[in-house]
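One structure is given here, and the rest of the page talks about it.
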Amino acid sequence: MTAYISQNAFWGLLISAVEVYKRECFGLLIGYRDRKGPDDMYIVEHAVAYQTAGRRHKGVVSNPRAHRRIERFLRNIPQLSVIGDFHSHTMWGYNRAASHPSDTDLEGMEPEHVYLIVSVNDRLREVPWNYNDDGSLSGTTDDHYFRLTAYTVTPSGEPRRLPILCPYAIGFDARPLRALRAIK
Ligand SMILES: [Zn+2]
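In numbering that gives the first Met the number 0, the protein residues as written are 0 to 183.
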């Protein structure tokens with residue numbers, strides 16, 4: 000099983016996390032499950048930040064009424080549904096942001112859903128965007144170091160990391176793009 004992240008969702012995740020850094024963001028993953036191909040995939044088309052999330056540094060509080068409104072809205076769009084959620088973990092003092100779910104995170108996870116943790120730290124050096132051995136995706140922008148990790152849970156509630164597929168992010172690097180523009 001794989002978590003596919005579209006270009007649109009990739010930017011949604013990064014921008015939501017940066018907007019409230021060093022607080023944590025929370026939002027919904029919208030897309031669909033593709034079981035037809037050789038690999039069972041969660042296709043994340045959009046990552047929509049919860050504007051109504053009560054934010055505090057450790058953990059975020061979701062808003063069930065807002066969640067229901069969004070699910071009702073999506074009922075009119077047959078090809079899209081809420082397939083999971085995302086939130087960020089941020090650095091705190093000298094503690095780097097964790098990429099694994101907390102106990103509270105695990106309590107909120109349901110089987111057949113995908114969950115993304117966006118770990119955000121201050122950038123120490125430039126790192127090109129790439130996949131890690133554990134299936135996560137990491138890289139830097141001008142100010143931040145990001146790591147995106149996808150999880151699902153088994154019916155008994157055991158967390159399972161899912162490899163992320165995000166072709167758009169790979170090789171994404173602000174500097175070569177700027178250089179390219181300069182050549183033109
Ligand atoms: Zn968390």
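For every residue, glycine included, the Cβ atom is placed at its ideal position computed from N, Cα and C.
- Among the residues of its own chain, which have a CB less than 6 Å from the CB of residue 143, if the five just before and after it don't count? Taken in chain order, the residues that qualify are 119 and 122.
- Message: To the nearest angstrom, how far is the alpha carbon of residue 69 from that of residue 160?
- Response: When rounded, the distance between both Cα atoms is 26 Å.
- Query: Quick one: is the Cβ of residue 86 within less than 7 Å of any heavy atom of ligand 1?
  - Reply: Ligand 1 approaches residue 86 closely enough that one of its heavy atoms is under 7 Å from the residue's Cβ.
- Task: Please confirm whether any heavy atom of ligand 1 lies closer than 7 Å to the CB of residue 38.
- Result: Outside the cutoff, so no.
- Range covered by the beta strand (DSSP E) that runs through residue 14: Residue 14 -> not in any beta strand (DSSP E); alpha helix (DSSP H) instead, spanning 6-19.
- Task: Would you list the one or two residues that DSSP bridges to residue 110?
- Result: Residue 110 is bridged by DSSP to nothing; it lacks a bridge partner.
- Task: Can you tell me the Cβ-Cβ gap for residue 126 and residue 82, rounded? I've got them flagged as a contact below 8 Å.
- Result: The Cβ separation is near 28 Å, so there is no contact.
- Inter-residue spacing [alpha-carbon to alpha-carbon] between residue 13 and residue 169: Counting only the Cα atoms, residue 169 lies some 15 Å from residue 13.
- Task: Drop a sphere of 10 angstroms on the beta-carbon of residue 164, count the other beta-carbons inside from all chains shown, and report buried for 16 or more, exposed for fewer.
- Result: By the beta-carbon neighbour count (other beta carbons within 10 angstroms, threshold 16), residue 164 is buried.
- If I'm right that residue 86 touches residue 25 with Cβ under 8 Å, what's the distance once you round it to whole angstroms? Going by Cβ atoms, the distance from residue 86 to residue 25 rounds to 4 Å, so yes, they are a contact pair.
- Identified DSSP bridge partners for residue 43: In the DSSP secondary-structure assignment, residue 43 is bridged to 4 and 30.
- Query: DSSP three-state call for residue 168: helix, strand or coil?
  - Reply: Correct three-state label for residue 168: coil.
- Pull up the distance between the alpha-carbon of residue 109 and that of residue 151, whole angstroms please. If I take the Cα positions, the gap works out to 8 Å.
- In terms of DSSP beta bridges, what is residue 118 paired with? Its beta-bridge partners are 88 and 146.
- Out of curiosity, what's the CA-to-CA distance linking residue 35 and residue 111? The alpha-carbon atoms of residue 35 and residue 111 are separated by roughly 16 Å.
- So residue 63 is in the beta strand (DSSP E); what residue range does that whole segment cover? No beta strand (DSSP E) contains residue 63, which is instead part of the alpha helix (DSSP H) from 63-73.
- Message: As a quick check of your reading: which residues have a C-beta less than 5 Å from at least one non-hydrogen atom of ligand 1, in chain order?
- Response: That query returns the following residues: 101 and 104.
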